[in-house]
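Residue numbers (the numbering used here), protein chains in the order written: chain A, 1 to 567; chain B, 568 to 848.
Written out as structure tokens, the structure reads:
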């Protein structure tokens with residue numbers, strides 16, 4: 001046992017300099033917490049915009065042969081929806097969470113490059129503004145995948161496609177700058193004693209997220225640059241009539257696009273790995289296996305891109321290789337699910353809202369993972385690809401996967417960011433509306449796809465039960481939206497009236513709960529020596545031991561004779 | 568929509584019944600479905616049980632377990648074994664999905680199919696063991712499917728009979744398809760006749776089907792190709808061979824008549840203004 005005097009969690013004395021106030025202080029800030037808040041607020045606004053687009057799509061599809069929107073507007077809607085949710089919500093929201101919590105979790109004062117950090121936020125905002133400015137001219141309409149030649153100048157002459165290209169460039173730059181910053185911060189600024197084996201699992205996830213971004217983004221940056229020069233400067237990279245290849249775009253896009261899926265879900269996995277142990281009051285089951293499976297998923301994620309291209313003219317050997325590599329990636333993903341269930345096993349589970357969202361995520365992600373196996377079997381994919389089955393699958397893994405974990409993170413970390421608790425009642429209402437709405441919207445879409453409805457069609461004939469199924473899906477989407485709205489209301493109310501949280505309302509395990517809520521500008525006055533991957537638990541236990549025997553206020557559920565924490 | 572399956576099962580399965588490859592995909596799908604259902608019940612069940620059984624109760628104490636190497640290796644290997652089994656089953660089914668079967672004796676008698684020089688020479692098109700199939704070239708274009716039949720009368724495939732949107736094929740006859748695109752990427756898909764395949768400009772993509780009995784099979788372009796994507800429908804009508812021959816003959820006649828009319832109109836126009844001045848008649 002270490003011989004130093006353990007600090008007490010409640011530290012009150014802070015740097016004397018007062019926190020700067022006013023609008024200008026936000027624009028000029030390099031504080032990772034403020035940048036993190038700006039990230040989260042901005043991306044949530046884009047989430048609402050993308051959500052409104054989704055509701056308009058569902059309204060159009062609520063009735064067969066509906067004429068609510070024109071085919072042009074419909075194509076613009078699904079293009080904007082997909083692009084917004086991926087590039088302006090999930091990926092940067094994860095960056096926002098990491099911005100705020102990564103330095104706190106590793107006991108750092110700020111990010112490694114604070115001004116670069118501000119740059120990545122402003123690049124993101126610029127990308128979003130450029131993209132949404134196209135609303136006033138010609139929004140893009142070639143889908144978030146922007147397959148050539150449809151996205152070429154001959155078939156998409158409008159400037160919206162160029163706005164899309166600049167969005168990819170600006171958010172890509174933002175992400176790559178951010179990723180390098182995260183990597184440098186994790187590599188160099190960890191608290192004393194925090195070896196790689198004691199890194200919080202969320203930090204492991206952000207480390208992997210960063211490496212994936214650094215490898216994948218240059219590929220899409222190159223691809224969209226080639227698209228831009230094809231469109232405006234007379235090159236023929238993707239033009240089959242002049243020696244180019246239309247398939248090349250699909251390869252480049254998905255070489256980025258598949259790792260992008262893991263860029264979106266791995267941080268969410270990290271959030272779940274942090275939250276489950278706290279509310280099960282039990283250590284994470286198989287820390288090493290979870291960290292290792294994160295890295296394994298990231299590596300394998302670069303070998304599976306062609307499973308988005310099973311119906312293109314590609315050699316059979318590639319079909320077989322990609323089916324096997326896609327199967328292989330299901331193994332570490334399954335390992336994570338099993339480890340999370342084992343974490344809950346024999347715990348004492350407190351059903352607080354963050355836990356509910358984590359469990360909701362798990363139950364939905366299991367379905368998304370299983371439907372992914374169907375799609376990996378390439379002859380089966382020949383029937384399912386480009387149908388609503390795929391739409392259901394991506395929403396189970398990205399909405400059920402990433403978005404539910406983002407909501408778990410909001411409920412879990414809101415007290416740290418604002419110093420106030422969110423309402424549990426509204427939180428639970430929000431969860432159940434979102435969970436039930438999600439299932440109603442997307443479960444039936446598997447059947448819509450099996451019944452032969454391709455995705456991205458603005459109308460369909462009333463064949464079989466398609467009208468009924470689509471109506472169910474549309475009603476579900478509005479229940480889902482109501483759930484999101486409840487959380488927005490919850491946040492707005494709790495900012496002013498929420499119960500005071502205190503530094504560690506959940507009796508959590510990681511270092512961000514060691515400082516006050518909200519944390520001061522300098523984060524910590526002292527950083528304790530890290531002796532395990534659960535530093536706050538160690539601290540609570542020491543306090544208990546020092547107050548000898550009396551069931552202390554913190555970590556009261558630790559039984560006598562519990563497993564010794566590895567030093 | 569899938570008429571040959573009991574409705575409850577059809578709810579969970581892709582469409583089939585129009586061609587052997589679609590039926591084989593359907594049976595492979597069902598194997599995956601059964602495995603998936605078992606895994607689904609097991610994993611969601613374990614999750615649900617854990618949530619109910621280990622909810623926080625008065626006096627309950629959380630067990631401080633940090634892992635179990637044997638258990639963890641066990642479920643890693645278990646997951647890998649299930650997926651390996653699925654891979655083996657896929658390989659077992661693959662040839663019956665990919666390789667065309669022979670036409671039946673009652674199918675179209677494909678006598679001199681080598682008189683046809685296809686519009687696009689397709690050396691890599693899979694043929695049935697007999698080497699004979701009705702070779703149809705599918706051209707995707709915004710926003711209509713064009714079908715080019717064998718029977719070109721001039722070089723470069725010109726003069727071959729063709730049709731748009733509706734493809735008429737003989738029953739009990741193996742049809743091999745060469746899928747190409749004239750503009751953007753499309754995806755050929757008639758669910759009951761098997762999987763979908765992209766029409767990528769500059770590439771050839773191949774598939775096949777063999778319809779056992781007369782009927783109409785509907786599909787549509789499956790890949791976003793522009794504003795008219797939803798209207799780019801495909802219909803395959805299977806008719807007895809004799810009827811098919813009659814249809815093809817009529818199609819040829821209609822095309823010849825239209826060509827003759829066009830030639831006459833061109834000649835008339837040429838006389839009126841002088842052929843040299845007609846840039847693009």
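Ideal Cβ placement from N, Cα and C applies to all residues, glycine included.
Tell me which residue opens and which closes the alpha helix (DSSP H) that residue 770 of chain B is part of.
Segment: none, residue 770 of chain B is in no alpha helix (DSSP H) and carries neither H nor E.
Residues bridged to residue 500 of chain A by DSSP?
DSSP lists A/420 as partners of residue 500 of chain A.
With 16 other Cβ atoms within 10 Å as the buried cut-off, status of residue 723 of chain B:
Under this definition residue 723 of chain B is an exposed residue.
Which residues in chain A have a C-beta closer than 9 Å to the C-beta of residue 772 of chain B? List them in chain order.
Near residue 772 of chain B (Cβ distances below 9 Å), the residues of chain A are 311, 312 and 313.
Members of the region 621 to 639 of chain B that neighbour chain A once the beta carbon cut-off is set at 9 Å:
Cβ contacts with chain A: 621, 622, 623, 624, 627, 628, 629, 630, 631, 632, 633, 634, 635, 636, 638 and 639.
Should the region 446 to 458 of chain A be regarded as contacting the region 380 to 391 of chain A, the criterion being three or more beta carbon pairs within less than 8 Å?
Counting C-beta pairs with one atom in each stretch, the region 446 to 458 of chain A and the region 380 to 391 of chain A have three or more that are closer than 8 Å, which means they touch.
Given this structure, state the Cα-to-Cα distance separating residue 819 of chain B from residue 727 of chain B, to the nearest angstrom.
Roughly 8 Å separates the two Cα atoms.
Continuous beta strand (DSSP E) stretch holding residue 752 of chain B: start and end
Per DSSP, residue 752 of chain B lies in no beta strand (DSSP E) segment and is marked neither H nor E.
Can you name, in chain order, every residue of its own chain whose Cβ lies under 8 Å from the Cβ of residue 562 of chain A, other than the five neighbours on each side?
For residue 562 of chain A, the predicted model reports a pLDDT of 37, less than 50, meaning its position is unreliable and no value from the coordinates is stated.
Quick check on residue 801 of chain B - is its C-beta less than 8 Å from some C-beta in chain D?
Going by chain labels, chain D is absent from the structure shown, which instead holds the protein chains A and B.
Nonlocal neighbours in the same chain, by C-beta distance under 8 Å from residue 248 of chain A, ignoring five residues either side:
Excluding residues within five positions, the ones whose Cβ falls inside 8 Å are 237 and 238.
For residue 530 of chain A, which residues in chain B fall below 7 Å Cβ to Cβ?
For residue 530 of chain A, none of the residues of chain B pass the 7 Å Cβ criterion, the least Cβ distance being about 17 Å.
How long is the line joining the alpha carbons of residue 837 of chain B and residue 663 of chain B, rounded to whole angstroms?
CA-to-CA, the gap between residue 837 of chain B and residue 663 of chain B works out to about 56 Å.
Are at least three pairs of beta-carbons, each pair with one atom in the region 280 to 291 of chain A and one in the region 248 to 268 of chain A, less than 8 Å apart?
The region 280 to 291 of chain A, when compared against the region 248 to 268 of chain A, does not touch it at the 8 Å Cβ threshold.
Assign residue 768 of chain B to buried or exposed, taking buried as 16 or more other Cβ atoms, counted over all protein chains shown, within 10 Å of its Cβ.
Burial call: buried.
Residue range of the beta strand (DSSP E) that residue 734 of chain B falls in?
733 to 737 is the span of the beta strand (DSSP E), which, as asked, contains residue 734 of chain B.
Does the Cβ of residue 830 of chain B have 16 or more other Cβ atoms within 10 Å, making it buried, or fewer, making it exposed?
So residue 830 of chain B ends up on the exposed side.
With a cut-off of 8 Å, do at least 3 Cβ pairs link the region 747 to 754 of chain B to the region 776 to 786 of chain B?
Counting Cβ pairs under 8 Å, fewer than three are found: no touch.
Can at least three beta-carbon pairs, one atom from the region 210 to 219 of chain A and one from the region 137 to 151 of chain A, be found at a separation below 8 Å?
When C-beta atoms of the region 210 to 219 of chain A are compared with those of the region 137 to 151 of chain A, fewer than three pairs fall below 8 Å, so the two segments do not count as touching.
Taking 8 Å as the cut-off, does the region 85 to 94 of chain A touch the region 169 to 178 of chain A (at least 3 CB pairs, one atom from each stretch)?
Between the region 169 to 178 of chain A and the region 85 to 94 of chain A there are three or more inter-stretch CB-CB distances shorter than 8 Å, so the stretches are counted as touching.
Anything in the region 383 to 405 of chain A with a Cβ closer than 9 Å to a Cβ of chain B? List those residues in chain order, please.
Here the close residues are 383, 384, 385, 386, 387 and 389.
Can you check which of these residues, A/224, A/126 and A/106, is closest to residue 193 of chain A by C-alpha distance?
Comparing C-alpha distances from residue 193 of chain A to each of A/224, A/126 and A/106 shows the shortest one belongs to A/106.
Out of A/307, A/512 and A/347, which has the shortest C-alpha to C-alpha gap to residue 382 of chain A?
The residue with the shortest Cα to Cα distance from residue 382 of chain A is A/307.
According to a CB-to-CB cut-off of less than 7 Å, which residues of the region 593 to 607 of chain B neighbour chain A?
595, 596, 599, 603, 606 and 607: these are the residues of the region 593 to 607 of chain B whose beta carbon lies less than 7 Å from some beta carbon of chain A, given in chain order.
For residue 479 of chain A, the nearest candidate out of A/229, A/517, A/432 and A/272 (CA to CA):
The shortest C-alpha separation from residue 479 of chain A is found at A/432.
Of the residues A/50, A/33, A/75 and A/55, the one placed nearest residue 110 of chain A, counting alpha carbons only:
It is A/33.
Unbroken alpha helix (DSSP H) runs of length 4 or more, entirely within the region 24 to 98 of chain A: which are they?
Listed in chain order, the complete alpha helix (DSSP H) runs (minimum 4 residues) inside the region 24 to 98 of chain A are 32 to 61 and 71 to 83.
Go through its chain and collect everything with a Cβ distance to residue 329 of chain A's Cβ below 7 Å, but skip five positions before and after it.
Correct list, in chain order: 297, 300, 301 and 304.
Kindly indicate the opening and closing residues of the alpha helix (DSSP H) around residue 340 of chain A.
Residue 340 of chain A -> alpha helix (DSSP H) spans 316 to 344.
Quick one: what's residue 445 of chain A bridged to in DSSP?
According to DSSP, residue 445 of chain A bridges with nothing at all.
From which residue to which residue does the alpha helix (DSSP H) around residue 783 of chain B run?
Taken as a continuous stretch (DSSP letters only), residue 783 of chain B belongs to no alpha helix (DSSP H), being part of the beta strand (DSSP E) at 782 to 787.
Leaving out five residues on either side along the sequence, give the residues of the same chain with a beta carbon under 8 Å from the beta carbon of residue 133 of chain A.
Answer for residue 133 of chain A: 163, listed in chain order.
Return the chain-ordered list of same chain residues with a C-beta closer than 7 Å to the C-beta of residue 508 of chain A, the five sequence neighbours on each side being excluded.
If we look at residue 508 of chain A and ignore the five residues flanking it on each side, its Cβ neighbours are 278 and 536.
Quick check: what's the CA-CA separation for residue 223 of chain A versus residue 64 of chain A?
Near 37 Å, if we compare the C-alpha coordinates of residue 64 of chain A and residue 223 of chain A.
For residue 677 of chain B and residue 688 of chain B, the rounded distance between their alpha carbons
Reliability fails at residue 688 of chain B, whose pLDDT of 39 lies under 50, so the model's placement of it is uncertain and no value is given.
Does DSSP put residue 111 of chain A in a helix, a strand or coil?
Reduced to three states, the DSSP call for residue 111 of chain A is coil.
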